[in-house]
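Structure first, then comments.
Protein chains in written order, with this note's numbering: chain H, 85 to 503; chain R, 530 to 810.
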């Protein structure tokens, strides 16, 4: 996605808003599909399962007592298998599906009790929605699809088209405004869907399996672009998916759903490392840990390191003391200079040379957030541990071969072992 | 067994008498209005010299079919043939009857179809009525039409409207009901009013189906105006009827040919008014 420098969005304040009130707050949300919701709820309260309730009343308990809060600027992922109620839950947030009970606060306002008029105003101003099947209006051009929400709001034609053009450029479809949706590929259609949802400048984006209908390559591309866009626009996104990898990639926090209830809410890390019950464990069992864990999860404190002002004897002493064959060299600001080996240092001591003359600068480094899968390939080609550095090349830690295997065995083993 | 015969016929007669007595003014009003419409339309059509009207219709076909020159040429030739056969005036009367009936039928069918798509109760109530209207042999409608409006073009229009309306109503209803659920969700999610939803989403998406209904309506109207010549509607149908009565094959065939030409032109125009939509898949 070309992030051209247009100023069509109010940049929402970043750090302050996070610490404030939740932007969406769902309290005790319940939804029953069927004739006798009251009876279904009574049965549930007396401990019946979803299946038993269905047998007894013919009603489906789609959501039961769901509560969670979403903070401004957060990507909150609702995830679960099909039939877990995640799409129903998302549709309750803009009341495409009417809740049977509970409260949904958006910016502190309960939308459940709202009149149609008030509800329309909230949908227009605050909520944008993106659909799995793209749901572009087939009789309208791409541009007219993008400005649909603005048209509904009664924004004058030239103003809405100007904004529509800018949005199309932003999602990289600047030349396609006059095309009909049927002429676009799936990925392009969903970009139009994204532009349409963003047109009204909503605070909250509801994304229902937005990328599930795309093929894997395009899907990954769209995920990256969404993260890019989020970096820039800082909306609140509630994202529904059945794909754990997608949830882990996008989510700041993930709510795992099952049978209409939330089983666990937490950061991707928390869900993976501390599954709250057997269901979550089974769910995350298939996850490729090398993609989830990054350098910062497996690195060790960089000890020992040699200052570059120190002589070769100091370095030699460090290596002997720790029984290692090489040591990293840093400057006064802990910025990584390179590495000296045992052989090189012995040579230098004998020849009376300084550390700087024997230092190897050609060593692999990785960033803090480099995933394990990339580190493995780096470490395979290097006889030394891999240095982890931050943006300013300061040494943050070291990754040893053993640590990677250990991390995989420990975390992956835990998850798999009890499944 | 000697069961007493139910007085169905007598009851209907009593009802008709009652309507004529108390609603006569209404029937007269409808009658005058319709006669004014169809006569006025026919006069306008006849006011334009035939060659000019032929040219206008040809150009219309050409534009509507997105520059289909072959079809435009066929249209021009067909109309010239009608003119050449001295059937022009009769054709214009038939056309006036068809247009008037179709407009009336659509004016009832489309709003009712929209209402039926939104209300299950109305839909359930309309279904048996529509079934009844469509299964009844078409000339049965002629009887009540004649009873209430006498002979001439007015009862012909009434019978035609009743006959031609059901498919347009059904297809409008169907078209709106078939608008994909996610498009309705889009409309709702972006905060449309019910009215905006209808005009910006439901009707445009249903338009191809509705236009199929309009097309059917026109075709049925044309066939019915021919049958309605039995109750004194003039035009090409009357010519066919006379041909049958006199066993004048040539006369009947010429009039029949003119009807076919008009039918083809009307069909092509209505089928192409809305550009074909590709599915959004």
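Where a beta carbon is used, it is the ideal one built from N, C-alpha and C, also for glycine.
Using the Cα positions of residue i and residue j, report the straight-line distance between them to the nearest angstrom.
{"i": "residue 675 of chain R", "j": "residue 603 of chain R", "result": "38 Å"}
{"i": "residue 691 of chain R", "j": "residue 758 of chain R", "result": "16 Å"}
{"i": "residue 553 of chain R", "j": "residue 547 of chain R", "result": "9 Å"}
{"i": "residue 621 of chain R", "j": "residue 574 of chain R", "result": "6 Å"}
{"i": "residue 227 of chain H", "j": "residue 730 of chain R", "result": "16 Å"}
{"i": "residue 284 of chain H", "j": "residue 619 of chain R", "result": "58 Å"}
{"i": "residue 376 of chain H", "j": "residue 308 of chain H", "result": "16 Å"}
{"i": "residue 187 of chain H", "j": "residue 233 of chain H", "result": "26 Å"}
{"i": "residue 265 of chain H", "j": "residue 464 of chain H", "result": "48 Å"}
{"i": "residue 400 of chain H", "j": "residue 426 of chain H", "result": "7 Å"}
{"i": "residue 760 of chain R", "j": "residue 580 of chain R", "result": "31 Å"}
{"i": "residue 801 of chain R", "j": "residue 559 of chain R", "result": "33 Å"}
{"i": "residue 110 of chain H", "j": "residue 641 of chain R", "result": "41 Å"}
{"i": "residue 209 of chain H", "j": "residue 268 of chain H", "result": "28 Å"}
{"i": "residue 300 of chain H", "j": "residue 328 of chain H", "result": "14 Å"}
{"i": "residue 484 of chain H", "j": "residue 470 of chain H", "result": "7 Å"}
{"i": "residue 741 of chain R", "j": "residue 687 of chain R", "result": "22 Å"}
{"i": "residue 787 of chain R", "j": "residue 616 of chain R", "result": "8 Å"}
Note down, in chain order, every chain R residue with its Cβ under 8 Å from the Cβ of residue i.
{"i": "residue 233 of chain H", "result": "719 and 720"}
{"i": "residue 53 of chain H", "result": "As shown, chain H starts at 85 and ends at 503. That puts residue 53 of chain H outside it, with no answer to give."}
{"i": "residue 487 of chain H", "result": "Under the 8 Å cutoff, chain R gives no residues; its nearest Cβ is about 48 Å from residue 487 of chain H."}
Measure how close the beta-carbons of residue i and residue j come, nearest whole angstrom, since I'm counting them as under 8 Å.
{"i": "residue 478 of chain H", "j": "residue 419 of chain H", "result": "5 Å"}
{"i": "residue 456 of chain H", "j": "residue 378 of chain H", "result": "7 Å"}
{"i": "residue 447 of chain H", "j": "residue 422 of chain H", "result": "6 Å"}
{"i": "residue 154 of chain H", "j": "residue 108 of chain H", "result": "4 Å"}
{"i": "residue 297 of chain H", "j": "residue 217 of chain H", "result": "6 Å"}
{"i": "residue 169 of chain H", "j": "residue 341 of chain H", "result": "6 Å"}
{"i": "residue 220 of chain H", "j": "residue 273 of chain H", "result": "6 Å"}
Counting only Cβ pairs nearer than 8 Å, list the residues of chain H close to residue i.
{"i": "residue 725 of chain R", "result": "236"}
{"i": "residue 572 of chain R", "result": "The contacting residues do not exist; residue 572 of chain R stays about 38 Å from chain H at best."}
{"i": "residue 730 of chain R", "result": "221"}
{"i": "residue 590 of chain R", "result": "Neighbours of residue 590 of chain R on chain H: none; closest Cβ ~24 Å, over 8 Å."}
{"i": "residue 755 of chain R", "result": "Within chain H, no residue comes near residue 755 of chain R; the closest Cβ sits about 36 Å away, beyond 8 Å."}
{"i": "residue 714 of chain R", "result": "175, 180, 213, 215 and 219"}
Within its chain, find whatever has a CB closer than 6 Å to the CB of residue i; leave out the 5 residues flanking it on each side and keep chain order.
{"i": "residue 645 of chain R", "result": "651, 652, 655 and 702"}
{"i": "residue 658 of chain R", "result": "none"}
{"i": "residue 793 of chain R", "result": "none"}
{"i": "residue 336 of chain H", "result": "158 and 159"}
{"i": "residue 716 of chain R", "result": "726 and 730"}
{"i": "residue 594 of chain R", "result": "600 and 801"}
{"i": "residue 345 of chain H", "result": "148"}
{"i": "residue 91 of chain H", "result": "In this predicted model, residue 91 of chain H has a pLDDT of only 44, less than 50, meaning its place in the structure is not dependable enough to derive any value."}
Once you ignore the five residues that flank residue i on each side, which residues in its own chain have a CB closer than 8 Å to its CB?
{"i": "residue 279 of chain H", "result": "230, 248, 251, 252, 254, 255 and 257"}
{"i": "residue 171 of chain H", "result": "292, 293 and 324"}
{"i": "residue 628 of chain R", "result": "570"}
{"i": "residue 712 of chain R", "result": "730 and 734"}
{"i": "residue 577 of chain R", "result": "585"}
{"i": "residue 662 of chain R", "result": "691, 692, 694 and 695"}
{"i": "residue 132 of chain H", "result": "140"}
{"i": "residue 395 of chain H", "result": "438 and 439"}
{"i": "residue 364 of chain H", "result": "340, 347, 348 and 355"}
{"i": "residue 487 of chain H", "result": "382, 383 and 384"}
{"i": "residue 672 of chain R", "result": "none"}
Report all residues from its chain with a CB closer than 7 Å to the CB of residue i; omit the five preceding and five following residues, and keep chain order.
{"i": "residue 120 of chain H", "result": "141 and 143"}
{"i": "residue 587 of chain R", "result": "601, 604 and 605"}
{"i": "residue 235 of chain H", "result": "244"}
{"i": "residue 406 of chain H", "result": "388"}
{"i": "residue 211 of chain H", "result": "178, 286, 288 and 290"}
{"i": "residue 803 of chain R", "result": "736, 737 and 740"}
Counting only Cβ pairs nearer than 7 Å, list the residues of chain C close to residue i.
{"i": "residue 711 of chain R", "result": "Absent from the structure: chain C. Protein chains present are H and R."}
Name, please, each residue of chain H whose Cβ falls closer than 7 Å to the Cβ of residue i.
{"i": "residue 743 of chain R", "result": "Chain H residues near residue 743 of chain R: none, gap ~17 Å exceeds 7 Å."}
With a threshold of 7 Å, establish whether the CB of residue i neighbours any heavy atom of the ligand GTP.
{"i": "residue 249 of chain H", "result": "For the ligand GTP, the structure offers nothing, since it holds no ligand at all."}
Report the residues of the stretch 205-217 of chain H with a CB closer than 9 Å to any CB of chain R, ordered along the chain. 205, 206, 207, 208, 209, 211, 212, 213, 215, 216 and 217
Interface positions of the stretch 167-179 of chain H facing chain R (Cβ-Cβ less than 9 Å), listed along the chain: 175, 178 and 179
Determine which residues of the stretch 786-799 of chain R have a Cβ less than 7 Å from any Cβ of chain H, and write them out in chain order. none
Contact list for the stretch 542-562 of chain R against chain H, Cβ threshold 9 Å: Cβ contacts with chain H come from no residue of the stretch 542-562 of chain R.
Can you give me, in chain order, the residues of the stretch 619-652 of chain R that have a beta carbon less than 7 Å from any beta carbon in chain H? In summary, no residue of the stretch 619-652 of chain R has a CB separated from any CB of chain H by less than 7 Å.
Give the residues from the stretch 682-710 of chain R that approach chain H closer than 7 Å (Cβ to any Cβ), ordered along the chain. none
The stretch 761-782 of chain R: positions lying closer than 8 Å to chain H by Cβ: none
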